[in-house]
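>
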Amino acid sequence: MESITIAIPTYNEEKYLPDCLTAIRNQSYKNKFELLVIDNNSTDNTARIAKSFGARVVKESQKGSLFAKHCCFSQARGDIVVTTDADSVPPYNWLSCLLAPFEKDDKVIAVTGLVKYPDNTTVKFNFSSFDQFCQKTINRFLSSPITMRAPNRAILKNVYFASGGIDVLGAPSEDEYFLVKKLRKFGKIVFLPDLIVQTSDRRQKNRDFSYLFVDLLWKLVINGHIRHFFHKPNYITIKDYR
1 MESITIAIPT YNEEKYLPDC LTAIRNQSYK NKFELLVIDN NSTDNTARIA
51 KSFGARVVKE SQKGSLFAKH CCFSQARGDI VVTTDADSVP PYNWLSCLLA
101 PFEKDDKVIA VTGLVKYPDN TTVKFNFSSF DQFCQKTINR FLSSPITMRA
151 PNRAILKNVY FASGGIDVLG APSEDEYFLV KKLRKFGKIV FLPDLIVQTS
201 DRRQKNRDFS YLFVDLLWKL VINGHIRHFF HKPNYITIKD YR
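Everything in the sequence shown is counted per UniProt numbering, starting at 1 for the first residue and increasing by one.
1. Report yes or no: do the segment 68-81 and the segment 29-41 share at least 3 C-beta pairs separated by less than 8 angstroms?
2. Relative to the alpha-carbon of P22, which residue among A55, P101, K63 and C71 has its alpha-carbon at the smallest distance?
3. In the DSSP assignment, find the alpha helix (DSSP H) that holds E103 and state where it starts and stops.
4. What span of residues does the beta strand (DSSP E) with R149 cover, start to end?
5. Using a threshold of 8 angstroms, state whether the C-beta atoms of N158 and V115 are closer than that.
6. Leaving out five residues before and five after A47 in sequence, what residues of the same chain have Cβ atoms less than 7 angstroms from its Cβ?
7. Checking 8 angstroms against the spacing of the C-beta atoms, do I189 and P145 come in under that value?
8. State the Cα-Cα distance for the pair A68 and P9, rounded to the nearest angstrom.
9. Shortest alpha-carbon distance to D105 belongs to which of I6, E14 and G187?
10. Shortest alpha-carbon distance to F73 belongs to which of S200, I155, Y177 and D201?
11. Return the chain-ordered list of same chain residues with a C-beta closer than 6 angstroms to the C-beta of A50, the five sequence neighbours on each side being excluded.
12. Exposed or buried, what is E103 when buried is set at 16 or more other beta-carbons lying within 10 Å of its beta-carbon?
13. At the level of alpha carbons, what is the spacing between L169 and L66?
14. Taking the Cβ atom as the reference point for each residue, do S42 and Y16 lie within a distance shorter than 8 angstroms?
15. Going by CA-CA distance only, name the one from E14, R184 and E2 that's closest to A100.
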């Protein structure tokens, strides 16, 4: 089995990080893995907390979520890079489930699951429910998933770099959508509909249905296609919610 790195991009996550790292420490997976935390210029106790859990902390001075996510791969020592977010809590069998497809099929280059907000979410429009419905419905008819949610994915590091990886100059969340298109050229991407990571709803609060189609899908599609097909910079900017 390839070596493993669990990588977490962070920015001022002292409130959430302990729960995430506790869940990782309590995983059913018993083999060794590297725990890597990328500190994207935090001004709180994020780095200290990460080190107290035995994580290797690397500072990414270029501020922005995509820079931090890319740094997860550039700094990882493992052959398989497993990512989650600091405000997410993976289930007990999370790591074992993500790694199992790699062991069963050498054509697998990436594995992903779903994310879910807490049941008492205050989000006006529950994007995670919509996302789960779309993923489970659409993936029945496709050979690979349409997205790879950042809090719940594992990717072969060499394939990540061979594909070109995350476009760090793109819009937030582009790594979840356009990265899939790049990766699927190199092998099989496995979607696990029953592997769900619970994540905070803090970035989605006070957003309504219009956010999904105006700020996310519409602008994301415009940004992505302008760059990927016409090789021009972003036409529309999207706030990097953190």
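Note that the Cβ used here is the ideal one computed from N, Cα and C, for glycine as well.
In this structure, then:
1. yes
2. Note on residue identity: the sequence assigns Thr, not Pro, to residue 22. That would be A55, whose Cα lies nearest to the Cα of T22.
3. W94 to K104
4. R149 -> no beta strand (DSSP E), and no H or E assigned at all.
5. no
6. D39 and V57
7. yes
8. 5 angstroms
9. G187
10. I155
11. V37 and V57
12. exposed
13. 8 angstroms
14. no
15. E2
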